[in-house]
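Trainee: Before I ask anything, here is the structure I am working with.
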Amino acid sequence: MQIRLSFMGAARNVTGSRYLLETDNAKILVDCGLYQEREFRHRNWDPFPISPHTLDAVLLTHAHLDHCGLLPKLAHEGFQGKIYCTAATTEITQIMLLDSAKLQQEDAEFKSKRHKREGRRGPFPEVPLYTIDDATATSPLFSPVKYGEVVRIASGLEATFYDAGHVFGSSMIKVTVNQNEEKRAILFSGDVGRQDKPIIKDPTLFNEADYVLIESTYGDRLHESSENISNRLAEIINSTRRAGGNIVIPSFALERAQEIMWYLNELLLADRIPHLMVFVDSPMAMNITEVFKHHPELFDKDMSILVRRHNSPFNFPGLTMVHTVDESKAINHIAGTAIIIAGSGMCTGGRVKHHLVANISRKESVILFVGYQAVGTLGRHIVEGAKKVRILGRNYPVRAGIAQIHGFSAHADRDELFKWISGLKKAPRRVFITHGEAKTAKSFGEFLHKKTRWEVSVPEYGAEAFLE
Ligand SMILES: [Zn+2]
């Protein structure tokens with residue numbers, strides 16, 4: 001048995017998930033993600049380590065850009081195989097890729113103008129990494145699969161997708177290679193979700209696998225224990241209402257926005273907050289919420305009951321999906337308290353900027369952060385207590401209340417990762433720790449080895465492993 005596994009991304013770093021599996025008869029990629037950390041972004045421009053037209057297929061775990069964001073480039077450079085993923089991931093990925101292409105185009109245009117003005121050249125070409133046309137050209141390649149269904153990918157290679165409990169439609173993938181009358185199962189964890197998240201089901205546990213690739217984003221940390229999201233949210237909403245301000249919630253369009261709607265709905269049903277106007281002001285969040293509505297089969301039990309009782313978090317009284325920019329601007333003229341959920345999640349772009357302009361200098365309003373804020377973003381400046389911020393070319397004093405709720409992470413922490421992999425009844429031949437910063441991945445590798453005595457490695461970028 002000889003299978004070659006190459007780590008072409010998310011190896012001692014978090015983004016750019018991409019693993020190449022080569023058997024005697026097939027070559028496949030698992031994920032084809034965008035590098036998002038500043039120090040690794042240049043890799044997005046590197047030629048693919050394998051010529052795209054020789055690949056048989058891509059197996060896609062989920063719709064986050066660090067897992068799917070290079071697919072348009074792969075297709076543009078000649079990939080013609082199928083992209084296998086769940087139907088929900090297919091639909092959400094297409095929304096994400098179009099948005100990403102639009103940003104790539106705007107970014108290239110902006111940079112080329114700036115460099116021209118400054119009479120210099122930047123480190124990357126001033127052409128977009130890919131265009132809207134490239135993103136659109138990937139759609140016919142998608143081939144939706146169902147959880148639990150054995151899919152024949154190529155001769156001697158099958159894959160089965162299982163719910164990862166991370167974001168809507170997300171998967172863990174078990175690849176089975178049948179070669180020379182031997183069989184090996186390779187389990188790709190994708191991003192491991194958490195127990196008891198709203199709307200979606202829990203991550204699937206596995207009894208056995210010969211090889212496991214496990215993510216380690218939070219492999220050296222424990223999430224704050226049971227910070228009660230509902231209580232904090234109710235407290236913030238009720239006090240802001242008494243003060244007469246608005247609550248602006250910068251939010252990611254996938255999962256977080258829907259989760260916030262779920263919590264608001266829960267608080268309303270329990271009569272813990274008054275009926276207020278709630279605006280979802282993000283075209284992307286709106287489109288993704290439509291995908292949620294079309295796939296009730298993915299809902300967990302609590303969510304299914306809500307929908308059956310006509311208490312869906314996606315159409316509670318007072319909830320408005322904002323369609324046009326004019327509607328978006330009109331929100332700022334409404335008297336009384338409104339809750340505004342808008343993108344982008346780190347305030348780097350999107351309609352949230354207009355709502356920040358209208359609210360950040362009002363002491364009665366609150367800006368509520370519900371997600372990670374990367375270094376260097378406007379969101380990070382605000383949560384770190386900046387007294388003045390620059391938005392859309394103008395300075396504004398920060399007088400609004402700044403609040404943060406930390407309990408929303410979609411990734412398992414160290415103990416949750418361990419619990420997931422401990423489902424295995426028998427030692428795998430080897431575990432590869434991926435998708436974590438170098439220090440974190442190593443720390444989780446040591447932790448896992450100490451606990452289980454299993455063979456563990458932490459592959460670096462470009463490393464190859466021969467699976468026997
Ligand atoms: Zn993810």
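Numbering follows our numbering, with no gaps: position 361 of the sequence shown is 361. Glycine is no exception: its CB is placed at the ideal position from the N, C-alpha and C atoms.
Heavy atom of ligand 1 less than 7 Å from the Cβ of ASP470, yes or no?
Mentor: Lying outside 1 to 468, the shown extent of the chain, residue 470 is not represented and no answer is given.
Trainee: In chain order, what are the residue ranges of uninterrupted alpha helix (DSSP H) at least 4 long that sit wholly in the stretch 197 to 284?
Mentor: Restricting attention to alpha helix (DSSP H) runs no shorter than 4 residues, the stretch 197 to 284 encloses them at 229 to 243 and 256 to 269, ordered along the chain.
Trainee: Please state whether DSSP places SER555 in a helix, a strand or coil.
Mentor: Because the chain in this structure spans residues 1 to 468, residue 555 falls outside the shown range and cannot be described.
Trainee: Please report the Cβ distance between VAL248 and LEU356, rounded to the nearest whole angstrom; I am assuming they are in contact, meaning their Cβ atoms lie under 8 Å.
Mentor: So it is a contact: roughly 6 Å between Cβ atoms.
Trainee: Tell me whether GLU455 is buried or exposed, calling it buried when 16 or more other Cβ atoms sit within 10 Å of its Cβ.
Mentor: exposed
Trainee: Can we count ASP191 as close to ligand 1, meaning its CB is less than 7 Å from some heavy atom?
Mentor: yes
Trainee: When the distance is taken between beta carbons, is SER443 closer than 8 Å to GLY122?
Mentor: no
Trainee: Mind checking whether the beta-carbon of HIS67 lies closer than 7 Å to any heavy atom of ligand 2?
Mentor: In terms of ligand content, the structure shown lacks ligand 2 and carries ligand 1 instead.
Trainee: Roughly how many whole angstroms lie between the Cα atoms of ALA330 and THR138?
Mentor: 37 Å
Trainee: Contact check, ALA412 vs TRP420 under 8 Å by CB: the rounded distance?
Mentor: 6 Å
Trainee: Out of ALA88, GLY407 and HIS381, which one is the CA nearest neighbour of VAL398?
Mentor: HIS381
Trainee: Got a sec, what are the start and stop residues for the alpha helix (DSSP H) MET303 sits in?
Mentor: Counted as a single uninterrupted DSSP element, the alpha helix (DSSP H) harbouring MET303 occupies residues 301 to 308.
Trainee: Determine, using beta carbons only, whether VAL150 and THR160 come nearer to each other than 8 Å.
Mentor: yes
Trainee: Taking the Cβ atom as the reference point for each residue, do GLU77 and PHE48 lie within a distance shorter than 8 Å?
Mentor: The Cβ atoms of GLU77 and PHE48 sit closer than 8 Å to each other.
Trainee: Going by the DSSP bridge assignment, what does GLN179 pair with across the sheet?
Mentor: Paired residue(s): GLU182.
Trainee: Within this structure, are the beta carbons of GLY473 and GLU364 separated by less than 8 Å?
Mentor: This structure cannot speak to residue 473, because the chain is shown only from 1 to 468.
Trainee: I'd like to check one pair, VAL366 with GLY407: are the Cβ atoms closer than 8 Å?
Mentor: no
Trainee: Please state if the CB of ALA101 and the CB of ASP56 are separated by a distance shorter than 8 Å.
Mentor: no
Trainee: Which of helix, strand or coil does DSSP assign to LYS388?
Mentor: strand
Trainee: Could you tell me the distance, in whole angstroms, from the CA atom of LEU71 to the CA atom of LYS353?
Mentor: 29 Å
Trainee: Checking the sheet assignment: what are the DSSP bridge partners for LYS27?
Mentor: GLU22
Trainee: Below 8 Å between beta carbons: does that hold for LYS82 and ILE50?
Mentor: no
Trainee: Against chain C, with Cβ distances strictly below 8 Å, would SER312 count as a contact?
Mentor: Going by chain labels, chain C is absent from the structure shown, which holds only one protein chain.
Trainee: So is SER282 buried or exposed if we call it buried at 16+ other beta carbons inside 10 Å?
Mentor: Classification for SER282: buried.
Trainee: Please confirm whether any heavy atom of ligand 1 lies closer than 7 Å to the CB of VAL167.
Mentor: Yes, ligand 1 has a heavy atom inside 7 Å of this Cβ.
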